[in-house]
Amino acid sequence: MSPGPSAAVSELGGFCGDPLPTAPRLSLQVSCLCGPASCLLCGCCPSARNSTVSRLLFTFFLFLCTLVSIIMIIPGVEKELHKLPGFCEGSGSVLGVQVHADCSGFLGHKAVYRMGFAAASFFFLFAVIMVCVRSSKDPRAAVQNGFWLLKFMVLVGLTVGAFYIPDGSFTSVWFYFGVVGSFLFILIQLILLIDFAHSWSQLWLRNAGEGSAKGWYAALCAVTFIFYAVSIAAIALLYVYYTKPQGCTEGKVLISINLILCVIVSAMSILPKIQDAQPHSGLLQASLITLYTIFITWSALANVPNQDCNPTLLLRNSTGSAEAAQPLTTWWDAPSIVGLVIFILCTLFISIRSSDHAQVNKMMLTEESGAGASAGDAAAAESGVHRAYDNEQDGVTYSYSFFHLCLLLAALYIMMTLTNWYRPDESLRVLSSPWTAVWVKICSSWAGLLLYAWTLVAPLVLPDRDFS
C-alpha cells in the first residue's frame, strides 16, 4: 500500500532546528494546520505518536476554553458583557414561567455557561463524527489528526454563536446538563485515580524488590502517612467550619458517613484474603482514595445552601433582607481552585495515559501499542525528522468517540466548577447554591468508594477472571 499524504509530507523535514529552507517549513506547517498531514514538531522535541499529539491538541482546545471562561468572570470583563445584544434582557423565562429580572449581577456566570455550551458542542460534534473509526486508514482519521486551523475556526464559530442564544430558560436548563456531565466526569476522575494509585504502588513495590528495599518501603510508609494525616486534619476542619454544636445536622451526617466508609475501605485493603488475591494492594491506594473522598466531601459542603453552616457560601446578605442580597460570581474559593488543579491533571492524564492494567484499558476504551511506538521511533530516528508519526495503521490506540465524550464531560465539569455549581433561582434575582450540587458530589464520592472496594474484592468474587 502506497504511503498517504501524511507520510509523504512529513518525510520532507522538520520545523525548528532542521536544515530546511523557510518556505518548505512553512508549507509543511500549513499542511498540518489546514490539511490532513501529520504535524511536524520542533527540533528540540522528540518524535511522538500521532495519537498522543492529537489528544494533546484537543486538550489544548479545552484548556483554551477554560482560560476564556476564567477571563469572562473577571469583574472588569464581566461589565463589558452588557454590550452583547440579547445577552442580558430585562425579562426571560424559567421552565416556561415569564419573569422580570436584572441579570447584571451574574453576567460572568452566564458567560461561562455559554462558553461551556460551545466547548461541549464542539466535542460532541467530533464524538459523533468519529464513531467506529478502526484505524488511520479510515478517511475520518485524517479529520481527527489534522485540519487544526479549521477545527479552531469551528470552535470560535460555536463560541460566538453561543453568546447569541436567547436568554430565556437556557441557563436554568443547561445547569442540569452540567450537573449530569459533572457527575460522570467525577466518576472518570475516580477511575483514573484508582488506576494511578495501583500503578504507583506496584512501581514502588517492584523497585523495593529490585533495589534498596528499606528505602522504598520507608518512602511508601511516609507518603501513606502524609495522605492519612492530611485526611484526618481535613476531617477535623470540616467538623469545625461546616458544622455547629446546635444544628447543621446534614453536614455532620455526611462527614461521618464518608469517614466511616473510608475507614472500611482502608481496612479492606489490608485483609489477608485481599492481600493473597492482590499482593500489591495496600494502604497507599486506600490513603489516596480517602484523601480524594474528603476533598469531594469538602466540595459538597461548600454548596450547602445554608449560610450558618457554610462559610464559603458566595451569596452574601449585608442588610439581612433577601432582596438586598448581591450575588458574586467569583470562582476563586479554595474548593474551586483545588478542583481546577485536579481537572487539569486528569485531562492531561486522559491525553497521555498508557495504563498497564488490561481491565482499566477496557473500561477506558484505550489500548496503547508499544510495538507501533518502537517502530515509529526507529523510523523517525533514521530520517532525522521530528514529527508526529502514524502509529494507528493497524488499529486505533484509543476510542476517538469516547475520548471526545470525556472532554465533553470535562468541559461541563469545569463549567460547573467555575460557577461554584450556582444557578439563578426562580426569580432570577440572585444566584443560589442548590442541594442538587451537594447530593451529586456526595453520591459521586460514594460511587468512587464502591468502585475502589470492587477492585479489592473482584478477584475473590470472580476467581476465573484475570485482574492483573
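Residues -16 to 451 (the numbering used here) make up the sequence shown, in order. We put the beta carbon where it would ideally sit given N, CA and C, even for glycine. Predicted model, so just to flag it, every value in this text is computed and none were measured.
Cα-Cα separation, residue i to residue j
{"i": "V206", "j": "W281", "result": "22 Å"}
{"i": "K237", "j": "N293", "result": "The question names Lys, but residue 237 in the sequence shown is Leu. Cα-Cα distance, rounded: 14 Å."}
{"i": "L439", "j": "C115", "result": "33 Å"}
{"i": "L141", "j": "V379", "result": "28 Å"}
{"i": "K424", "j": "S382", "result": "27 Å"}
{"i": "Y224", "j": "S52", "result": "30 Å"}
{"i": "W404", "j": "T232", "result": "22 Å"}
{"i": "A125", "j": "G144", "result": "26 Å"}
{"i": "T419", "j": "M398", "result": "16 Å"}
{"i": "L266", "j": "F109", "result": "40 Å"}
{"i": "N128", "j": "L188", "result": "38 Å"}
{"i": "S427", "j": "G322", "result": "14 Å"}
{"i": "G234", "j": "I279", "result": "13 Å"}
{"i": "F326", "j": "L132", "result": "25 Å"}
{"i": "K134", "j": "G91", "result": "26 Å"}
{"i": "M251", "j": "W429", "result": "16 Å"}
{"i": "S384", "j": "V111", "result": "7 Å"}
{"i": "F208", "j": "A202", "result": "10 Å"}
{"i": "G99", "j": "Q258", "result": "44 Å"}
{"i": "L254", "j": "S264", "result": "10 Å"}
{"i": "I335", "j": "F44", "result": "15 Å"}
{"i": "P228", "j": "T295", "result": "19 Å"}
{"i": "A308", "j": "Q268", "result": "Reliability of the predicted coordinates at A308 is poor, the pLDDT of 43 falling under 50, and the value obtained from them is presented with this limitation in mind. About 44 Å."}
{"i": "C389", "j": "P446", "result": "31 Å"}
{"i": "V246", "j": "F146", "result": "47 Å"}
{"i": "I320", "j": "R448", "result": "41 Å"}
{"i": "Y222", "j": "S239", "result": "9 Å"}
{"i": "S104", "j": "L138", "result": "9 Å"}
{"i": "A393", "j": "L331", "result": "11 Å"}
{"i": "I169", "j": "L176", "result": "10 Å"}
{"i": "G324", "j": "G198", "result": "Note that residue 324 corresponds to Val in the displayed sequence, not to Gly. Rounded to whole angstroms, V324 to G198 spans 30 Å at the Cα level."}
{"i": "Y211", "j": "T35", "result": "35 Å"}
{"i": "A441", "j": "R123", "result": "38 Å"}
{"i": "S152", "j": "P288", "result": "22 Å"}
Status (buried if at least 16 other CB within 10 Å, exposed otherwise) for residue i
{"i": "H83", "result": "Note that H83 scores a pLDDT of 40, beneath 50, so its modelled location is shaky and nothing firm can be said."}
{"i": "K256", "result": "exposed"}
{"i": "G230", "result": "exposed"}
{"i": "C204", "result": "exposed"}
{"i": "L220", "result": "exposed"}
{"i": "L391", "result": "buried"}
{"i": "R117", "result": "exposed"}
{"i": "W157", "result": "buried"}
{"i": "L50", "result": "exposed"}
{"i": "M113", "result": "buried"}
{"i": "V248", "result": "buried"}
{"i": "Y159", "result": "exposed"}
{"i": "G431", "result": "buried"}
{"i": "G161", "result": "buried"}
{"i": "L401", "result": "buried"}
For residue i, three-class secondary structure by DSSP
{"i": "Y405", "result": "coil"}
{"i": "R117", "result": "coil"}
{"i": "R448", "result": "coil"}
{"i": "A358", "result": "Below a pLDDT of 50, predicted positions are generally treated as unreliable, and A358, at 49, falls in that range; no measurement from the model is reported."}
Reference residue i; option with closest CA among the options
{"i": "Q261", "options": "F208, Y405 and L443", "result": "L443"}
{"i": "A217", "options": "V324, L284 and A420", "result": "L284"}
{"i": "D291", "options": "S270, S334 and T226", "result": "T226"}
{"i": "N241", "options": "L433, L392 and I112", "result": "L433"}
{"i": "I243", "options": "S214, R123, D316 and Q268", "result": "S214"}
{"i": "I333", "options": "L173, M55, A212 and V248", "result": "L173"}
{"i": "N286", "options": "D316, Q268 and L274", "result": "D316"}
{"i": "R97", "options": "I56, F43 and Q268", "result": "I56"}
{"i": "Q376", "options": "D121, L47 and S165", "result": "D121"}
{"i": "V163", "options": "V36, G431, Y396 and P228", "result": "Y396"}
{"i": "P318", "options": "I277, F210 and R123", "result": "I277"}
{"i": "A101", "options": "R123, F130 and I148", "result": "I148"}
{"i": "I272", "options": "Q185, N33 and A436", "result": "A436"}
{"i": "V95", "options": "F107, M136, S119 and L47", "result": "L47"}
{"i": "F41", "options": "A212, V139, L186 and F386", "result": "F386"}
{"i": "S270", "options": "S119, L401, A180 and A191", "result": "A180"}
{"i": "S119", "options": "Y275, C329, T400 and N33", "result": "N33"}
{"i": "V421", "options": "F166, L401 and A196", "result": "F166"}
{"i": "K93", "options": "F130, I54 and F106", "result": "I54"}
beta-carbon residue i near the ligand PLP non-hydrogen atom, thresh 8 Å
{"i": "L40", "result": "Here there are no bound small molecules, and the ligand PLP is not part of this structure."}
message: For a minimum of 3 consecutive residues, which ranges assigned as the beta strand (DSSP E) are wholly contained in the region 112 to 196?
response: Unbroken beta strand (DSSP E) runs of no fewer than 3 residues, entirely contained in the region 112 to 196, are not found.
message: Threshold first: 3 residues or longer. Then list the beta strand (DSSP E) segments lying entirely within the region 216 to 257, N to C.
response: Counting only runs of 3 or more, we get nothing.
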